[in-house]
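In my numbering, each number is its position in the sequence shown, counted from 1, plus 418.
Cβ coordinates follow ideal geometry from the N, Cα and C atoms, glycine included.
Before any comments, here is the structure.
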Amino acid sequence: MTNAGLEKSMSLFDKNERNIYGAIQMTIENPFALLTWRKNDKGELCIIEFLKNGKGYRIYEMKTENVEQREIFKPRQQELDF
């Protein structure tokens, strides 16, 4: 089930985001998701979280926020397929 769900999430990503993100820079696996670091078309590093239950993926991109102008990863939650 885990591999089938992960493959479903990856195929959704490939269908929607194939041309935006480059090769995988680093991968980390946890019990619920597979995290991959990739660079987007602007050359910025992003984290893509593929959900193992097959419900889609989340993309975390660097954004600046607050008065201190800190860079943090913010998710694009609308990519989830519930």
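- Task: Sort Gly440, Pro449, Asp459 by Cα distance to Phe468 and report the nearest one.
- Result: Numbered from its first residue, the sequence shown carries residue 468 at position 50. When each option's Cα is compared against that of Phe468, the closest is Pro449.
- Hey, Ile466 and Tyr439 are a contact pair by Cβ (cut 8 Å); roughly how many whole angstroms apart? Along the sequence shown, one-based indexing puts residue 466 at 48. Along the sequence shown, one-based indexing puts residue 439 at 21. Right, their Cβ atoms sit about 7 Å apart.
- Task: Name the one or two DSSP bridge partners that Met444 has.
- Result: In the sequence shown, the residue the question calls residue 444 occupies position 26. Met444 is bridged to Trp455.
- Quick one, are the C-beta atoms of Met480 and Glu462 less than 8 Å apart? As a position in the sequence shown, residue 480 is number 62, starting the count at 1. As a position in the sequence shown, residue 462 is number 44, starting the count at 1. Yes, the Cβ-Cβ distance between Met480 and Glu462 is below 8 Å.
- Message: Please tell me whether, using a cut-off of 7 Å, the distance from the CB of Asn437 to the nearest non-hydrogen atom of the ligand FMN is below it.
- Response: Inclusion of the ligand FMN in the displayed structure is not the case, the ligand content being empty and no account of it being possible.
- Query: What residues in its chain sit with their C-beta under 7 Å from that of Leu424, if we drop five residues either side in the sequence?
  - Reply: Counting from 1 along the sequence shown, the entry for residue 424 is found at position 6. So the list reads Leu452, Phe468, Lys470, once near-sequence residues are dropped.
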